[in-house]
Amino acid sequence: MLFFLLVVLAREGAFDMIVYGTKRFFIFIFKKNPEESSRPRTYFDYVVQKREDKKRNHFDYLIFPFIFFFIGLILSIICA
Numbered sequence: 055m056l057f058f059l060l061v062v063l064a065r066e067g068a069f070d071m072i073v074y075g076t077k078r079f080f081i082f083i084f085k086k087n088p089e090e091s092s093r094p095r096t097y098f099d100y101v102v103q104k105r106e107d108k109k110r111n112h113f114d115y116l117i118f119p120f121i122f123f124f125i126g127l128i129l130s131i132i133c134a
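Mapping the sequence shown onto my numbering, position 14 (from 1) lands on 68, and the numbers just tick up by one.
Here it is in structure tokens:
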């Protein structure tokens, strides 16, 4: 359940600043001309672009942990 909670947090943007900073760091280190990168130039542009790309249902990934939870609950009741 905690793994899926981390997935939910990541999809909602909790780690966006870390991801953006890491990508910019590697572009700066390994690219010959970092200014010519196709990545967004600022963090705000990165967040706006990510929100535009996200057109999924927000709750479709919450189904799986509840399925495993209920299967475990049923099995614990049967075995107890």
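The beta carbon of each residue, even a glycine, is placed where N, CA and C say it ideally should be.
Residue i - DSSP class collapsed to helix/strand/coil
i          : result
residue 91 : coil
residue 76 : helix
residue 69 : coil
Boundaries of the alpha helix (DSSP H) in which residue i is found, first to last residue
i           : result
residue 64  : 56 to 65
residue 104 : 97 to 107
Pick from the options that is closest to residue i, judged by C-alpha positions
i          : options          : result
residue 70 : 132, 128 and 100 : 100
residue 67 : 104, 119 and 133 : 104
At least three beta-carbon pairs within less than 8 Å, the stretch 119 to 128 to the stretch 67 to 86: no
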